[in-house]
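To convert, note that position 84 of the sequence shown is 84 in my numbering; the numbers rise steadily by one, no gaps.
The beta carbon of each residue, even a glycine, is placed where N, CA and C say it ideally should be.
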Amino acid sequence: MMNSFIKTLAGLAVAIIIAVVGGVGNAGQVPTASVVNTNIKPQQIRPLPGAVVKSAPVEEQESPPEVHYFSISPLALIPKDQGVTYNKTSGTLRSAIGTFYAPAHLPDGAIIASLTAYMYDSDNNGATFMEVYMYRVPHSTSSSQILNMIDSSSVMDSIVGYDEITDTTFTPAGSEPVDNEAYSYFVRTSFIASSPLPNMRLGSIVIGYTMP
């Protein structure tokens with residue numbers, strides 16, 4: 001009986017030793033690092049059924065306004081006074097002296113952008129030149145308002161053919177939109193000379209404008 005009791009105690013001791021050794025082994029075990037899979041691609045987010053997907057608005061570059069042109073042939077110019085000497089040859093006004101007028105039919109609401117005249121001036125005299133004015137006149141009065149002015153004095157004696165003379169600087173009145181309900185518009189050209197000169201010639205007058 002004593003031998004049986006001793007064997008039982010020995011069995012319990014062995015069981016306890018095994019349990020303790022196993023626990024220490026587990027406690028002393030170095031944990032392994034987890035491996036991250038970097039090849040996993042993010043899932044595409046899909047809208048729910050019936051959902052409205054809106055794209056971000058794209059800002060568009062604003063284009064410069066398109067320039068339109070109204071041209072006045074020198075053949076349309078009418079002398080201010082009767083008995084004025086002039087010659088209209090080959091679509092030009094030449095050998096003239098005095099002042100001439102022509103209407104300018106611009107669309108309502110137009111913004112006047114430029115005034116251009118084609119001039120030939122080779123008279124070798126700084127005291128003689130041509131000038132072109134643009135005006136508007138209120139319907140209720142006869143008081144005209146200057147919108148712009150150009151002349152041939154800056155290019156005289158140096159041109160071989162017709163020079164294109166342009167100005168884009170307008171008076172405050174000239175910067176306002178065309179208002180055909182309140183005003184009429186016209187151009188005036190003058191030949192500044194003591195006598196008609198064949199080497200001073202006026203070609204076309206062109207008005208550039210934009211529409212809002």
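Between residue 191 and residue 98 the beta-carbon gap is near 6 Å, inside 8 Å, which marks them as a contact.
Under the 10 Å beta carbon count, residue 75 is surrounded by fewer than 16 other beta carbons and is classified as exposed.
Its chain contains 129 as the residues whose beta carbon lies nearer than 6 Å to that of residue 153, once the 5 sequence neighbours on both sides are disregarded; these appear in chain order. The alpha-carbon separation between residue 69 and residue 149 amounts to approximately 17 Å.
Under the 10 Å beta carbon count, residue 127 is surrounded by fewer than 16 other beta carbons and is classified as exposed. Shown here for residue 184: same chain residues with a beta carbon closer than 6 Å to its own, the five before and five after excluded, namely 137 in chain order.
Only residues of its own chain outside the window of five on either side were considered, and among them 98 have a CB closer than 6 Å to the CB of residue 84, listed in chain order.
Look at the segment 109-163 and you find no whole run of alpha helix (DSSP H) that is 4 residues long or longer. Rounded to the nearest whole angstrom, the C-alpha separation of residue 175 and residue 89 is 35 Å. In this structure, residue 72 lies near residue 102, with their beta-carbon atoms less than 8 Å apart.
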